[in-house]
Amino acid sequence: MSKRYICDFASPSDEPELCKLACIPMQGKLPMSLFMHPSRQDGLAVQGDRLSTAVVRNANTNEIVCMGVRTVRKLWINGDISRVGYLSGLRVKPGIRLTRRVLSEFYTRINLQQRVDEVSFDLTSIMADNHRAKRLLLRNVAGMPTYHKIGEMVTCTLPICRTKRFPHGVVRLDVRWLEQVVGLLQKVGAMYQMRPFVNEAILASSTLSRNLCLNNFVGLEIKGKLVACAALWDQRAYKQAVITQLPRNFQRWQSYINWGCQCIGRTPIPQSEQHIQMVYASCIALSEQRRDWGKKLIAALRMLAFEHNAKMLVLGLPAGHELLNTRLLRQKAWKCRSLICRVSYEKLPELESRPVWPEIAVL
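The sequence shown: position 249 = 354 (the working numbering), numbered continuously.
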């Protein structure tokens with residue numbers, strides 16, 4: 106291996122340096138930085154357990170120049186529950202170019218974290234307009250793991266709603282609905298690939314479901330039966346997003362763009378260096394593929410977002426989902442696409458033909 110760089114696992118003493126490196130903006134049309142306060146572990150805990158951070162250090166100065174995070178969570182695969190690793194937080198310090206040999210050793214370190222109770226691949230997501238990451242990861246060169254695209258997610262950013270009455274049939278849930286909520290989430294989760302497994306213990310977890318309270322769930326009730334549900338997940342207490350610097354064309358015309366957004370009811374573009382006041386739509390489950398049910402749940406979540414003093418609601422749907430064709434999402438949502446990939450050094454097991462729908466709030 107090159108003497109200039111060494112690969113290792115991060116230690117607690119590395120946290121200040123890791124936090125600084127994690128704030129490097131994610132590339133895309135609107136470069137965004139992710140801050141995790143009060144601690145990085147708190148921000149990453151919702152992604153899963155078995156948290157490990159692999160790093161590349163400068164052999165002479167011990168400075169960390171590259172990092173990547175792996176967590177493990179129970180997901181639905183082919184209708185069964187499996188433990189799956191999730192790779193995130195890949196950051197390379199600006200100006201650093203790592204050789205193929207160094208990157209191969211880096212990914213070998215990450216691969217060492219796989220255990221016998223986990224599937225033979227990890228999951229990751231790549232922003233569709235992050236061309237640098239796609240060039241680096243999707244080439245599938247020798248010595249590197251194979252990145253195989255299995256689906257696409259569409260992230261929609263919606264304005265909040267100031268009305269005070271839920272749509273007809275939608276109720277705010279509480280502990281009395283817990284059994285039905287869990288049953289519905291498990292029934293619908295098994296219909297998709299990579300949906301998180303949820304039970305009573307996970308919903309009550311102070312780490313995996315931090316701030317995901319049952320009283321922030323809404324549901325559609327028909328004759329006393331819960332047929333659809335969704336939740337508002339406010340992660341601002343431990344995870345903050347900031348647009349670091351708007352492109353010049355946005356900066357020049359931002360006031361006019363935002364004026365136009367207000368006229369058509371679309372979310373304005375936040376100012377640079379300001380925390381984005383956003384909350385997530387989570388745990389979306391429909392017992393039947395009814396567009397009208399989905400529209401009612403989204404309307405209720407936009408109302409809850411207003412109660413939480415948020416400025417926007419972030420919703421993640423698999424590409425091709427029928428809700429993407431609703432007038433609200435077509436005309437009033439900012440959208441971006443992400444590639445969902447399996448990462449493996451081995452031959453990948455077959456996936457059944459089911460839509461891929463991971464949880465946007467933990468990607």
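The beta carbon of each residue, even a glycine, is placed where N, CA and C say it ideally should be. Note that this is a predicted model, so its numbers are computed, not measured.
#1: Would you call the CB atoms of residue 337 and residue 305 closer than 9 Å?
#2: Quick check on residue 344: buried or exposed, where buried means 16 or more other Cβ atoms within 10 Å of its Cβ?
#3: Mind checking which residues open and close the alpha helix (DSSP H) that includes residue 363?
#4: Quick check on this structure: which residue in 259, 413 and 197 has the alpha carbon closest to the alpha carbon of residue 317?
#5: With distances taken Cα to Cα, identify the nearest neighbour of residue 244 among 461, 446 and 453.
#6: Hey, residue 312 and residue 150: beta-carbon distance below 9 Å or not?
#7: Any idea what DSSP makes of residue 403, helix, strand or coil?
#8: Could you pull out every unbroken alpha helix (DSSP H) segment of at least 4 residues lying fully inside the segment 141 to 218, listed in chain order?
#9: Identify every residue that forms a DSSP beta bridge with residue 139.
#10: Do you know whose CA, among 299, 368, 321 and 135, lies nearest residue 402's CA?
#11: Should the segment 369 to 382 be regarded as contacting the segment 345 to 361, the criterion being three or more beta carbon pairs within less than 8 Å?
#12: Could you give the DSSP three-state label for residue 124: helix, strand or coil?
#13: At what residue ranges does the segment 364 to 451 contain a whole run of the beta strand (DSSP E), taking only runs of 3 or more?
#14: What are the boundary residues of the beta strand (DSSP E) that includes residue 253?
#15: When we look at the beta-carbon of residue 114 and count the other beta-carbons within 10 Å, is it buried (16 or more) or exposed?
#16: Rounded to a whole number of angstroms, what is the C-alpha to C-alpha distance between residue 197 and residue 130?
#17: Considering only the alpha carbon of each residue, which of 335, 109 and 398 lies closest to residue 164?
#18: Using only alpha-carbon positions, find the residue among 226, 286 and 287 that is nearest to residue 182.
#19: To which residues does DSSP link residue 230 through a beta bridge?
Quick answer:
#1: Start at 1 with the first residue of the sequence shown, and residue 337 comes out as number 232. Start at 1 with the first residue of the sequence shown, and residue 305 comes out as number 200. The Cβ atoms of residue 337 and residue 305 do not sit closer than 9 Å to each other.
#2: Position 239 of the sequence shown, counting from 1, holds the residue named residue 344. Classification of residue 344: buried, given that the 10 Å Cβ count is 16 or more.
#3: On the sequence shown, residue 363 is found 258 positions in, with the first residue counted as 1. Counting along the chain, the alpha helix (DSSP H) containing residue 363 begins and ends at 353 to 369.
#4: Your numbering for residue 317 matches position 212 in the sequence shown. Just measuring C-alpha positions, the residue of 259, 413 and 197 sitting nearest residue 317 is 413.
#5: Counting from one through the sequence shown, the residue named residue 244 turns up at place 139. Just measuring C-alpha positions, the residue of 461, 446 and 453 sitting nearest residue 244 is 446.
#6: The residue you call residue 312 lines up with position 207 of the sequence shown. The residue you call residue 150 lines up with position 45 of the sequence shown. Yes, these two residues count as a Cβ contact at 9 Å.
#7: Taking the sequence shown and counting its residues from 1, the one referred to as residue 403 is at position 298. The answer is helix: DSSP assigns residue 403 an H, G or I state.
#8: Counting only runs of 4 or more, we get 145 to 150 and 205 to 216.
#9: Residue numbering aside, residue 139 sits at position 34 when the sequence shown is read from its first letter. Per DSSP, the beta-bridge partners of residue 139 are 346.
#10: In the sequence shown, residue 402 corresponds to position 297, counting from 1. The residue from 299, 368, 321 and 135 with its alpha-carbon nearest to that of residue 402 is 321.
#11: Touching, yes.
#12: Residue 124 sits at position 19 when you count from the first residue of the sequence shown. Three-state DSSP puts residue 124 in a helix.
#13: Listed in chain order, the complete beta strand (DSSP E) runs (minimum 3 residues) inside the segment 364 to 451 are 383 to 391, 417 to 423 and 439 to 449.
#14: Locating residue 253 in the sequence shown gives position 148, where the first residue counts as 1. It spans 251 to 264 - the beta strand (DSSP E) in which residue 253 sits, taken as one unbroken run.
#15: As a working note, residue 114 is residue 9 in the sequence shown. With fewer than 16 other Cβ atoms within 10 Å, it is exposed.
#16: Along the sequence shown, one-based indexing puts residue 197 at 92. Along the sequence shown, one-based indexing puts residue 130 at 25. Counting only the Cα atoms, residue 130 lies some 10 Å from residue 197.
#17: Along the sequence shown, read from residue 1 onward, the residue named residue 164 stands at position 59. Proximity to residue 164 across 335, 109 and 398 peaks at 109, based on C-alpha coordinates.
#18: Position 77 of the sequence shown, counted from the first residue, corresponds to residue 182. Nearest Cα to residue 182 within the set 226, 286 and 287: 226.
#19: On the sequence shown, position 125 is the one that residue 230 refers to. DSSP lists 445 as partners of residue 230.
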